[in-house]
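Read through the structure below, which is laid out as structure tokens, and then see the notes.
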Amino acid sequence: MGRHSCCFKQKLRKGLWSPEEDEKLLNYITRHGHGCWSSVPKLAGLQRCGKSCRLRWINYLRPDLKRGAFSQDEESLIIELHAALGNRWSQIATRLPGRTDNEIK
């Protein structure tokens with residue numbers, strides 16, 4: 001495991017995102033949408049790979065993300081869906097609007 005091959009070829013930044021990078025990504029996607037993730041970093045003025053931008057958007061920056069503790073209804077639904085679907089967290093997350101697969105694991 002490690003960095004994607006595109007990250008080796010270019011001098012791309014890795015590690016923690018700065019508030020300035022978050023703002024650039026948020027502003028770009030709000031104005032233009034994400035389209036092709038591999039082209040987003042260059043168009044948004046970021047030294048990141050497309051995968052990094054996609055994951056940052058999905059897991060942290062999306063405006064519809066719910067933050068904080070799960071409601072009792074959400075917990076019950078997660079338990080029910082886990083019993084039916086097993087560890088298919090992405091599929092479970094699609095039934096919980098505003099929650100990510102990483103968050104519900």
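1 is the number of the first residue of the sequence shown in the UniProt record's numbering; add one for each residue after it.
Beta carbons: idealized from backbone N, C-alpha and C, even for Gly.
On a predicted model such as this, the values are computed, not experimentally measured, just so you know.
In the structure shown, the three-state DSSP call for C49 is coil.
Only residues of its own chain outside the window of five on either side were considered, and among them G50 have a CB closer than 8 Å to the CB of S39, listed in chain order. With distances taken between CA atoms, R54 lies nearest to I29 out of L85, Q72 and I29.
Using a Cβ-Cβ distance cut-off of 8 Å, the stretch 54-67 and the stretch 16-25 are in contact, since at least three pairs of beta carbons, one from each stretch, lie closer than that value. The criterion of a C-beta distance shorter than 7 Å is not satisfied by R67 and L12.
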